[in-house]
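Colleague: Each residue of the sequence shown is one higher than the one before, starting from 16 at the first, in my numbering.
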Amino acid sequence: MFNPFSDHERYAEKKPSDMSIAELQMLLKIKRQNLELGWLQFQSDLQFWQRIGKAVQKSGLLELWKEKLYPNSPNSDEQETETNTSSKED
Numbered sequence: 016m017f018n019p020f021s022d023h024e025r026y027a028e029k030k031p032s033d034m035s036i037a038e039l040q041m042l043l044k045i046k047r048q049n050l051e052l053g054w055l056q057f058q059s060d061l062q063f064w065q066r067i068g069k070a071v072q073k074s075g076l077l078e079l080w081k082e083k084l085y086p087n088s089p090n091s092d093e094q095e096t097e098t099n100t101s102s103k104e105d
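#1: When the Cα atoms are used, what is the spatial distance from D33 to L39?
#2: Identify, in the order they occur along the chain, each residue of the same chain with its Cβ nearer than 6 Å to the Cβ of L77, setting aside the five sequence neighbours on each side.
#3: For P86, which three-state DSSP category applies?
#4: Helix, strand or coil: how does DSSP classify P31 here?
Structure below.
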């Protein structure tokens, strides 16, 4: 029986021109599984960092960090102007 954790080495060492049809099919299956595993790991990492980003944004830490890094940014002045304008209208 084929064990992908140990038997993959015997297919990797041979040249494809020296392999039988069954060996070529097995090598192709191994390559597909490795590609699929890499893709799933990439998707998992991406989803993890998206969750982290959403959590930071919802918690308000992103705005605090922006205020600390850029205390005189035009965005903070615009927000203050909007707040002052809305309070004057009331």
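In this text, a Cβ means the ideal position worked out from N, Cα and C, and glycines have one as well.
Modeller: With the given structure in hand:
#1: 9 Å
#2: V71
#3: coil
#4: helix
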